[in-house]
Structure formats: structure tokens, C-alpha cells
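Just so we're aligned, residue 43 is where the sequence shown starts under my numbering, counting upward by one.
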Amino acid sequence: MNRNVLVPVDDSEPASDALEFATDHYGDATITALHVVDPTDFPVGGFESGVMTDIDQIRENQKGHAENLLEDVRERLTDRGVDVETAIEFGKPSNAIVEYADEHDVDLVTIGSHGRTGASRVLLGSVAETVVRRSPVPVTVVR
Numbered sequence: 043m044n045r046n047v048l049v050p051v052d053d054s055e056p057a058s059d060a061l062e063f064a065t066d067h068y069g070d071a072t073i074t075a076l077h078v079v080d081p082t083d084f085p086v087g088g089f090e091s092g093v094m095t096d097i098d099q100i101r102e103n104q105k106g107h108a109e110n111l112l113e114d115v116r117e118r119l120t121d122r123g124v125d126v127e128t129a130i131e132f133g134k135p136s137n138a139i140v141e142y143a144d145e146h147d148v149d150l151v152t153i154g155s156h157g158r159t160g161a162s163r164v165l166l167g168s169v170a171e172t173v174v175r176r177s178p179v180p181v182t183v184v185r
């Protein structure tokens with residue numbers, strides 16, 4: 043029996059599908075929704091008149107977005123009677139997910155896949171693939 047299932051979440055449909063899968067299949071476990079803020083992923087509008095705005099402000103904006111996203115997840119799962127925890131990490135998403143799973147009491151990672159194939163997967167990389175290869179616990183990939 044899985045006691046703690048880690049589900050990385052963002053605004054994507056695959057992440058939402060992974061969250062649904064985890065709650066449907068592991069509803070008796072604690073679901074930890076993790077959002078990773080990638081400091082290299084600057085949002086549109088991070089530049090004004092060709093000059094970068096304050097990096098701390100960008101980071102705070104990203105953190106605020108993450109908090110709102112996780113609050114939505116918390117409300118949705120709590121309404122369904124699922125025990126949910128949330129966490130925000132900063133860093134490269136694949137590394138942060140693997141490190142979180144390694145450092146916390148995680149039994150399983152359930153992650154969405156964008157389903158990229160061919161050159162786009164090779165050029166862009168795959169967070170899910172990296173997590174599968176490096177995770178210290180089993181990983182379920184939801185397509």
C-alpha cells in the first residue's frame with residue numbers, strides 16, 4: 043500500500059491527468075502535490091524596455107503563481123476527501139522532483155507525460171523520463 047504519493051503539478055493537462063490518476067488509484071494515500079519553480083523559466087513580461095526587471099520580484103511572482111495553483115489543487119482534493127499536502131521547490135524540475143522524493147517519505151511518484159516523440163523529445167528533454175531514470179522510488183507515468 044502506498045502511503046505517500048508525490049504528484050508534480052503545473053498548469054498542464056498531463057499534470058492534471060496525473061493528479062486525477064493518483065487520486066483515483068491511491069485515494070487512501072496522502073497525495074503530495076509538488077510544484078517546481080524553475081528560475082530559468084522567466085514569464086512573458088519579465089523584460090521591460092529591454093531591461094530585465096528585478097529578479098527577486100520575478101521569483102516572488104512565480105512563487106505566488108505556484109501558491110495559487112497549489113491552493114486550487116488542495117481545495118479540489120480536499121472536497122473529494124483526499125488527504126493532500128503541498129510543496130513548492132525551486133530549481134530544475136526533474137532534479138527537484140527526484141531530490142524531493144529522495145528526501146521525503148515518498149513511496150511513489152505519479153507524473154504526467156507530454157507524450158513528445160522523436161526530435162522534440164531529444165531536443166527539449168523530458169522531465170518524466172529523467173524522473174523515471176533517477177527516482178529512488180517507483181514512478182507511474184500518465185499519458
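Don't be surprised by glycine CBs; every beta carbon is placed ideally from N, CA and C.
In the three-state reduction of the DSSP assignment, Thr-82 falls in the coil class.
Inclusion of Val-173 and Ile-139 in the CB contact set at 7 Å is warranted, their separation being smaller than that value. Taking C-beta atoms under 8 Å as the contact rule, Asn-46 and Thr-72 qualify, at a distance of about 5 Å. By the criterion of a C-beta distance shorter than 6 Å, Val-148 is surrounded in its chain by Asn-46, Leu-48 and Val-179, once the five residues flanking it on both sides are discounted.
Within the same chain, Val-47, Val-49, Ile-73 and Thr-152 come within 6 Å of Ala-64 by CB-CB distance, once the 5 residues on both sides are set aside.
Residue pairing by DSSP places Pro-135 opposite no residue, since no beta bridge is assigned to it.
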